[in-house]
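Structure first, then comments.
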Amino acid sequence: MSGVIKYFADILHGIKTLWGGMRITGKYFLSPKEIVTQQYPEIRHKQKIVYDRFKGEVIMPHDENNQHNCTGCGVCEMYCPNGSIEIITKKIPGENGKMIKVIDKHIYHLSMCTFCGLCIKVCPTQALAWGQNFEHAVYDRSKLTKVLNKPGSSYKGLNKKKEAKS
Amino acid sequence: MHDRIYDFSQLTHHIDQALRSVMSPTWTVITELVIIGLIFLGFYALLGLFLVYAERKVCALMQNRIGPNRVGKWGTLQTVADLIKLLTKELVYIKRSDKFLYNLAPFIVIVASFLAIAAVPFAKGLQAVDLDIGIFYIIAVTSLGVIGILLGGWASNSKYSLIGAMRSGAQVVSYELSVGLSLLSIVIFTGSTRLSTIIASQADGWWIFKGHIPAVIAFLIYLVAATAEINRGPFDLPEAESELTAGFHTEYSGIKFAMFFLAEYMNMFLVAAIATTLFLGGWMPFHIGHWDAFNRIMDYIPSIIWFFGKVFFIIYVIMWFKWTFPRLRIDQLLKLEWKYLLPLNLINTIIIAFIVMMGWYF
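Order-wise, the sequence lines are chains A and B.
Residues in the first sequence are numbered consecutively from 109, following my numbering.
Residues in the second sequence are numbered consecutively from 23, following my numbering.
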């Protein structure tokens, strides 16, 4: 007899738990406000869709005087595991006639980058940072090779040295 | 009482008269068959497109997603685009497969569901054939589809296909019993297997209300067993995409895959239509006892809307199952049928026979 009771109790228990599951999905079906999907191209300019620590691409921040922190030391180039950074330096005459080495082109191959972040970590002057841009699709491979320092920019520390001396 | 409901047999009668006045009786019959065939073909295509769209939207809403929303307004043209893609895809032929059976299988599956739809009453007087053995005919014809599935799995010469087809065979053969027995309960209530008589007997109340708790139990068992019979989730072992890639239609591509896909959705429609006809009163409006004003308002809603409203409700419930429950294992599947559904169904049938004998129903 207890077997028969257990048989029907099992069935009732099964129906109860199944109904519990169906209640949850039914509730979601009836509450479209809980949808978590973000419709990407539409919300691109309406709200921020990535978080602050998102690794989009390597950038070199410039201040309002078009000056950056890069000394052209080349540590990032040495640390990069893929060789996606190339540093080209040039020599300009300093104030007392001495030639000073400064950055000419900080070349960044986005197509080779694995976004490990070593270049940013090792930079002694915090010249590099993570950018938030993630839309990297372009029509030509050559467009993925970027020059990080803007044209006409200069090293921020150069002025400070001058100020300290004078 | 139901004179207010528009009878579609007037319309079909007019068409018949018009055709007979211009051509000989033989040609009239042939023309009518062609017209009905074309109507069903168009209905099939449109309903298939709609059901795929509905399934994707319902599933998305249950999972807190939006679902198709790019092609057309609210993504309504998504399934049309999918269909065009399927039609233009390459048909892949497999080495060492049985070419004849491989090509035949999708047609058997789709013809089985096509045959069954002929006996479905869509509205008052709107039914292609009103057979004496309507219910029996539908049960017999829909279970032909499993032959196509078995052939497809065998002829593909692939282990996934074969395992899927064998599972499908075991599943359909087992659950056929429960489907038949639960439909039998309504046949006992009505005393007829003719679908129009079954619907006429529900003019003063649907069987799910008139038949007390045994009818409700039969309805629930029918829903579960029929879901299993059409190989839908949570009983989708034959196609179990995580274990068998796609089960019996792994090796099919393009239009042949589309046929299997369409047949699955049409079988879902058929299951819902049978449940509607037997348990929820078919195209009969919802009536409550002697509330004459209420009943009259209900009568003004066309019978075809009643039918499709109930059918889509049942389809929604079947989708609700699918997107809530995880898939069963093969031993759990057979245990559910042979240890729970079948004994319950037998007891239920005896109780119903007793109720009918004593006249304890409205």
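Note that CB positions come from ideal geometry on N, CA and C, so glycine has one too.
All values derive from a computational prediction rather than experimental measurement.
So residue i and residue j are supposed to be a Cβ contact under 8 Å. How far apart are they, rounded?
i                     : j                     : result
residue 76 (chain A)  : residue 84 (chain B)  : Nothing can be reported for residue 76 (chain A): it is not among the residues displayed for chain A, which extend from 109 to 274.
residue 105 (chain A) : residue 239 (chain A) : For residue 105 (chain A) there is no data in the structure shown, the boundaries of chain A being 109 and 274.
residue 217 (chain B) : residue 152 (chain B) : 7 Å
residue 148 (chain B) : residue 30 (chain B)  : 4 Å
residue 261 (chain B) : residue 186 (chain B) : 6 Å
residue 294 (chain B) : residue 323 (chain B) : About 19 Å separates the two Cβ atoms, so there is no contact after all.
residue 200 (chain B) : residue 359 (chain B) : 6 Å
residue 227 (chain B) : residue 344 (chain B) : Between residue 344 (chain B) and residue 227 (chain B) the Cβ distance is about 30 Å, and since that is not below 8 Å, they are no contact.
Is the separation between the beta-carbon of residue i and that of residue j shorter than 8 Å?
i                     : j                     : result
residue 241 (chain A) : residue 150 (chain A) : no
residue 296 (chain B) : residue 171 (chain B) : no
residue 125 (chain B) : residue 142 (chain A) : no
residue 191 (chain A) : residue 220 (chain A) : yes
residue 264 (chain B) : residue 113 (chain B) : no
residue 49 (chain B)  : residue 123 (chain B) : no
residue 325 (chain B) : residue 117 (chain B) : no
residue 302 (chain B) : residue 332 (chain B) : yes
residue 224 (chain B) : residue 306 (chain B) : yes
residue 190 (chain B) : residue 253 (chain B) : yes
residue 192 (chain B) : residue 356 (chain B) : yes
residue 36 (chain B)  : residue 174 (chain B) : no
residue 193 (chain A) : residue 203 (chain A) : no
residue 130 (chain A) : residue 328 (chain B) : no
residue 261 (chain A) : residue 177 (chain A) : no
residue 207 (chain B) : residue 247 (chain B) : no
residue 373 (chain B) : residue 236 (chain B) : yes
residue 157 (chain B) : residue 195 (chain B) : no
residue 224 (chain A) : residue 189 (chain A) : yes
residue 79 (chain B)  : residue 89 (chain B)  : yes
How would you list, in chain order, the residues of chain A whose beta-carbon sits under 8 Å from the beta-carbon of residue i?
i                     : result
residue 372 (chain B) : Within 8 Å Cβ-Cβ: nothing; residue 372 (chain B) doesn't reach chain A, min ~16 Å.
residue 267 (chain B) : Per Cβ cutoff of 8 Å: no residues; residue 267 (chain B) is ~26 Å from chain A at best.
residue 142 (chain B) : Those within 8 Å of residue 142 (chain B) in chain A number zero; the least Cβ separation is about 27 Å.
residue 80 (chain B)  : 137
If you follow the alpha helix (DSSP H) that residue i is in, where does it begin and where does it stop?
i                     : result
residue 35 (chain B)  : 30 to 44
residue 198 (chain B) : 181 to 212
residue 249 (chain B) : 234 to 251
residue 56 (chain B)  : 47 to 84
residue 299 (chain B) : 276 to 301
residue 128 (chain B) : 121 to 139
residue 255 (chain A) : No alpha helix (DSSP H) contains residue 255 (chain A), which is instead part of the beta strand (DSSP E) from 253 to 255.
residue 115 (chain B) : Residue 115 (chain B) -> no alpha helix (DSSP H), and no H or E assigned at all.
residue 317 (chain B) : 314 to 322
residue 307 (chain B) : Taken as a continuous stretch (DSSP letters only), residue 307 (chain B) belongs to no alpha helix (DSSP H), as it is neither H nor E.
residue 217 (chain B) : 217 to 222
CB-CB under 7 Å to residue i, same chain, minus the five flanking residues each way: which ones, in chain order?
i                     : result
residue 58 (chain B)  : 150
residue 99 (chain B)  : 93
residue 259 (chain A) : none
residue 103 (chain B) : 93
Determine the extent of the beta strand (DSSP E) in which residue i is found, giving its start and end residues.
i                     : result
residue 216 (chain A) : 207 to 217
residue 237 (chain A) : 237 to 239
residue 158 (chain A) : Segment: none, residue 158 (chain A) is in no beta strand (DSSP E) and carries neither H nor E.
residue 165 (chain A) : 165 to 167
residue 361 (chain B) : Segment: none, residue 361 (chain B) is in no beta strand (DSSP E) and carries neither H nor E.
residue 140 (chain A) : From DSSP, residue 140 (chain A) is part of no beta strand (DSSP E); its letter is neither H nor E.
residue 199 (chain A) : 193 to 201
Skipping 5 residues on each side, what residues in its chain have a beta carbon closer than 8 Å to that of residue i?
i                     : result
residue 135 (chain B) : 164, 167, 285, 288, 289, 292
residue 267 (chain B) : 182
residue 239 (chain B) : 366, 370
residue 199 (chain A) : 207, 208, 209, 210
residue 221 (chain B) : 143, 299, 303, 304, 305, 306
residue 215 (chain A) : 193, 194, 195, 196, 253, 254, 255, 256
residue 38 (chain B)  : 50, 54
residue 246 (chain A) : 252
Leaving out five residues before and five after residue i in sequence, what residues of the same chain have Cβ atoms less than 6 Å from its Cβ?
i                     : result
residue 23 (chain B)  : Caution is warranted here: a pLDDT of 47 is assigned to residue 23 (chain B), below 50, making its placement in the model unreliable, and the coordinate value is therefore given only provisionally. Closer than 6 Å at Cβ, skipping near neighbours: no residue.
residue 155 (chain B) : 215
residue 309 (chain B) : 317
residue 241 (chain B) : 230, 301
Mind listing the chain A neighbours of residue i? Cutoff is C-beta to C-beta under 9 Å, in chain order.
i                     : result
residue 347 (chain B) : 126, 129, 130
residue 362 (chain B) : 115, 118, 119, 122
Identify the contact partners of residue i in chain A, using a Cβ-Cβ distance below 7 Å as the criterion.
i                     : result
residue 84 (chain B)  : 133, 136, 137
residue 342 (chain B) : 130, 133, 134
Which chain B residues sit within Cβ distance under 7 Å of residue i?
i                     : result
residue 144 (chain A) : 86
Under 8 Å between beta-carbons, which chain B residues line up against residue i? List them in chain order, please.
i                     : result
residue 140 (chain A) : 83
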